[in-house]
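Numbering (the numbering used here), first residue to last: -3 to 69. Ideal Cβ positions, reconstructed from N, Cα and C, are used throughout, including at glycine. Here the structure is a predicted model, which is why all the values come from computation and not from measurement.
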Ligand SMILES: [Zn+2]
Ligand SMILES: [Zn+2]
């Protein structure tokens, strides 16, 4: 059973409902960040699927920060 990695770091034990598409970490509902970003090159593990609108883009807090930092640097 996959656990939320961010909760584990806080000493909690939550079941993951999503996986960060960038780093593959398990994430609970609270920690999963849904992002509506344009297609990114190089970081999506399934490039053949990026044009499917319904594909959820779930990221962890850490990767959201990394991407926002990259985008606005
Ligand atoms: Zn969590
Ligand atoms: Zn991540």
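Checklist entry - When you compare each of 8, 28, 56, 5 to residue 19 by their alpha carbons, which one comes out closest? => result Numbered from its first residue, the chain shown carries residue 19 at position 23. Out of 8, 28, 56, 5, 56 has the C-alpha closest to the C-alpha of residue 19.
Checklist entry - Around ligand 2, what residues have a beta-carbon under 6 Å from a heavy atom of it, in chain order? => result 16, 18, 19, 21, 55, 56, 58, 59
Checklist entry - Of the choices 3, 58, 62, whose alpha-carbon is the least far from that of residue 26? => result Taking the chain shown and counting its residues from 1, one reaches residue 26 at position 30. That would be 3, whose Cα lies nearest to the Cα of residue 26.
Item to check | Element boundaries [alpha helix (DSSP H), containing residue 59] | outcome: Looking up residue 59 in the chain shown gives position 63. Per DSSP, residue 59 belongs to the alpha helix (DSSP H) from 57 to 68.
Item to check | Identity of the residue in -1, 28, 58 nearest residue 11 by Cα | outcome: As a working note, residue 11 is residue 15 in the chain shown. Checked all of -1, 28, 58; the closest Cα to residue 11 is -1.
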